[in-house]
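What follows is a set of notes on a single structure, which appears directly below.
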Amino acid sequence: MTYMENISPLKAVMDIWKVKRGKPEDILSRQQSRLPDLISFARSNSQYYAQKYSLLPERISSLQQIPPVTKSELMANFNDWVTDPEVSIESVKEFVSDMSLVGQLYLERYMVSTTSGSTGVPGIFIQDKSSDTIMKTLMAIRGTTKLIWSDILKVAAKGGRNAAVCSTAGHFTAFSTAERLRLKNPSNGKIRAFSIQSPLSTLVKELNEYQPALIGGYATAMEILAEEQKAGRLNIQPVAILLGGEKLYPNVRAKLESFFQARVLDLYGGTEATAMTFECEEGQFHVNTDWIIFEPVDEFYQPVPPGKQSHSVLITNLANRIQPLIRYELTDRVTMFSEPCKCGRPFPVVQVEGRTDDILKFSTPNCQIIHILPMALKTIVEEIPGVRRFQLIQTAPDKLTVRLEVDEGNPRDQIWENVREALLDYFATQGLTNLSIEKSEELPQRHLKSGKYQHVLIDYLK
14 MTYMENISPL KAVMDIWKVK RGKPEDILSR QQSRLPDLIS FARSNSQYYA
64 QKYSLLPERI SSLQQIPPVT KSELMANFND WVTDPEVSIE SVKEFVSDMS
114 LVGQLYLERY MVSTTSGSTG VPGIFIQDKS SDTIMKTLMA IRGTTKLIWS
164 DILKVAAKGG RNAAVCSTAG HFTAFSTAER LRLKNPSNGK IRAFSIQSPL
214 STLVKELNEY QPALIGGYAT AMEILAEEQK AGRLNIQPVA ILLGGEKLYP
264 NVRAKLESFF QARVLDLYGG TEATAMTFEC EEGQFHVNTD WIIFEPVDEF
314 YQPVPPGKQS HSVLITNLAN RIQPLIRYEL TDRVTMFSEP CKCGRPFPVV
364 QVEGRTDDIL KFSTPNCQII HILPMALKTI VEEIPGVRRF QLIQTAPDKL
414 TVRLEVDEGN PRDQIWENVR EALLDYFATQ GLTNLSIEKS EELPQRHLKS
464 GKYQHVLIDY LK
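Numbering-wise (the working numbering), the sequence shown opens with residue 14 and increments by one.
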């Protein structure tokens with residue numbers, strides 16, 4: 014199968030299934046056949062890549078010949094980057110500003126998702142039909158590797174209901190995907206999004222009524238729900254829990270498996286390429302290298318050897334041509350391994366440093382403890398115009414300190430007031446009317462170990 018074909022679901026299944034137990038060289042062969050097609054297509058249809066590659070030879074023999082790209086660079090050149098002249102940053106921004114369009118197709122043919130500004134630059138990413146098909150098929154076939162046939166029968170017996178516990182404050186990938194599937198079959202109720210912005214009592218009540226067979230979301234959200242399950246307020250029996258978007262720690266995995274008596278399936282992916290990896294029976298992440306080229310690099314974009322942690326990682330998404338991503342930098346620190354996994358699959362193993370935001374615990378005026386999900390707070394602040402970077406630091410049981418960096422040319426005092434009011438409004442919906450929110454004069458600071466900006470953290474207990 015070449016890159017330029019319009020890939021049907023059946024072709025995607027056959028192609029992905031073929032290499033399930035193949036050899037590493039079979040996967041490399043697929044990469045080597047797909048990459049030239051992608052580069053040629055990008056040069057011919059993207060003004061941005063045509064100019065960026067203008068001095069490169071027609072035949073590129075090594076990936077290292079190709080200059081890396083960043084999210085800020087691509088977003089600044091959005092209209093020249095995309096390969097469909099009908100797509101523009103102006104029209105796509107208008108599309109994602111309308112929450113009634115979540116899950117619908119942009120220009121009636123493209124899926125659109127937005128990313129947070131965790132690196133200081135929000136992103137808008139578009140998938141064409143073939144890319145959407147490939148990513149969903151990878152997740153369906155390899156992402157469920159740990160499930161056995163009896164699990165699948167149990168899911169069917171429970172009605173196949175799938176709960177996506179996610180942020181519903183924007184066109185984010187999980188919410189958009191859930192809405193897209195729901196809109197395709199609005200009457201069968203097989204999938205439903207549940208908002209992490211809802212008060213915990215509301216979320217618990219809704220999940221009890223829905224009784225999902227599958228539940229997915231962020232690790233921090235599932236951890237809080239596990240505590241609710243243990244306390245008896247939540248009473249659901251999912252067959253499997255699907256996680257992504259946050260680092261899953263072993264103690265949290267054990268808690269989920271124990272309290273829900275369910276299989277836990279984790280993955281590492283992103284809006285740019287949702288199915289970058291899958292988790293095998295040995296608990297290892299494998300890179301889907303037949304469709305994703307994955308390059309751990311140092312701070313100078315030089316390759317990092319196996320077994321050594323990278324400064325960042327360059328990915329090439331071989332599936333998407335509307336927005337070609339060729340040696341695109343993700344700021345995650347990863348470690349690749351050359352040794353084969355005990356599971357026997359031919360895909361390389363990777364460890365990801367991951368995100369490490371904290372679950373906050375505040376006390377209400379009547380001394381009730383309220384847990385606040387970091388993702389809920391992050392999406393609130395990220396949606397405020399002018400915010401470049403931020404950190405929300407709990408410094409007391411009733412106090413939150415905000416480190417704030419704004420886009421150049423924006424009034425910091427006004428943006429601070431907007432942030433403060435948005436947070437106070439959200440906390441009020443959670444019954445927290447007694448909190449003090451203060452502005453720090455310090456700018457956000459990187460986490461010493463991961464090198465990433467930790468957005469939500471507890472300071473006074475450490």
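C-beta: ideal position from N, C-alpha, C; glycine also.
Being a predicted model, the structure only gives us computed values, none of them experimental.
query: Val-363 versus Ser-57, Pro-309 and Leu-120, residue with shortest Cα-Cα distance; result: Pro-309
query: Glu-121 versus Gln-140: straight-line alpha-carbon distance, rounded; result: 12 Å
query: contact_flag[the stretch 244-259, the stretch 314-329] where n(CB pairs < 8 Å) is 3 or more; result: no
query: CB-CB length for Glu-285 against Phe-138, believed under 8 Å; result: 6 Å
query: Leu-87 versus Tyr-61, Cys-380 and Pro-98, residue with shortest Cα-Cα distance; result: Tyr-61
query: Opening and closing residue of the beta strand (DSSP E) in which Glu-342 lies; result: 341-343
query: Pairwise C-alpha distance: Thr-127 and Thr-83; result: 16 Å
query: First through last residue of the alpha helix (DSSP H) which encompasses Pro-387; result: 387-395
query: Where Phe-313 sits in the DSSP three-state scheme; result: coil
query: Short Cβ contact (7 Å threshold) for Pro-359 with Pro-37; result: yes
query: Rounded straight-line distance, which links the Cα of Ile-40 to that of His-299; result: 13 Å
query: Proximity of Leu-373 and Gln-404 at Cβ, strictly below 7 Å; result: no
query: Sequence-distant residues of its chain with Cβ nearer than 6 Å to Tyr-16 (five each side left out); result: Low confidence applies to Tyr-16: its pLDDT is 42, below 50, so where it sits in the model is not reliable, and the reading given next is rough at best. So the list reads Arg-47, Asp-50 and Leu-51, once near-sequence residues are dropped.
query: Nonlocal neighbours in the same chain, by C-beta distance under 7 Å from Ile-397, ignoring five residues either side; result: Ile-428, Asn-431, Val-432 and Ala-435
query: Spatially closest choice to Arg-459 from His-468, Glu-451 and Lys-452, by CA coordinates; result: His-468
query: Nearest-angstrom Cβ-Cβ length linking Ala-253 and Leu-227, presumed shorter than 8 Å; result: 6 Å
query: Neighbourhood of Tyr-341 by C-beta, 6 Å cutoff - its chain only, sequence neighbours within 5 removed; result: Val-82 and Ile-328
query: For Ile-339 and Gln-77, the rounded distance between their alpha carbons; result: 11 Å
query: Leu-23 versus Cys-380 - alpha carbon distance; result: 56 Å
query: Continuous alpha helix (DSSP H) assignments of at least 4 residues falling wholly in the stretch 200-278; result: 213-223, 232-244 and 263-273
query: Lys-355 versus Glu-295 - alpha carbon distance; result: 7 Å
query: Delimiting residues of the alpha helix (DSSP H) encompassing Thr-158; result: Careful: Thr-158 lies outside any alpha helix (DSSP H) and carries neither H nor E.
query: Ser-59 (DSSP reduced to helix, strand or coil); result: coil
query: C-beta contact flag for Ile-383 and Leu-331 at 7 Å; result: no
query: Option in Ser-180, Met-349, Glu-421 and Gln-336 with minimal Cα separation from Thr-233; result: Ser-180
query: Inter-residue CB distance, Ile-20 and Ser-143 (contact presumed, cutoff 8 Å); result: 4 Å
query: Span of the beta strand (DSSP E), counted from its first residue to its last, around Val-175; result: Before going further, note that residue 175 is Asn rather than Val in the sequence given. From DSSP, the beta strand (DSSP E) with Asn-175 extends over 175-179.
query: Lys-167 in three-state terms, based on DSSP; result: helix
query: Counterpart residues of Thr-329 in DSSP-defined beta bridges; result: Ile-306
query: From Arg-334, Val-419, Ile-29 and Asp-426, residue whose alpha carbon lies closest to that of Val-134; result: Val-419
query: Euclidean distance between Cα positions of Tyr-473 and Lys-452; result: 16 Å
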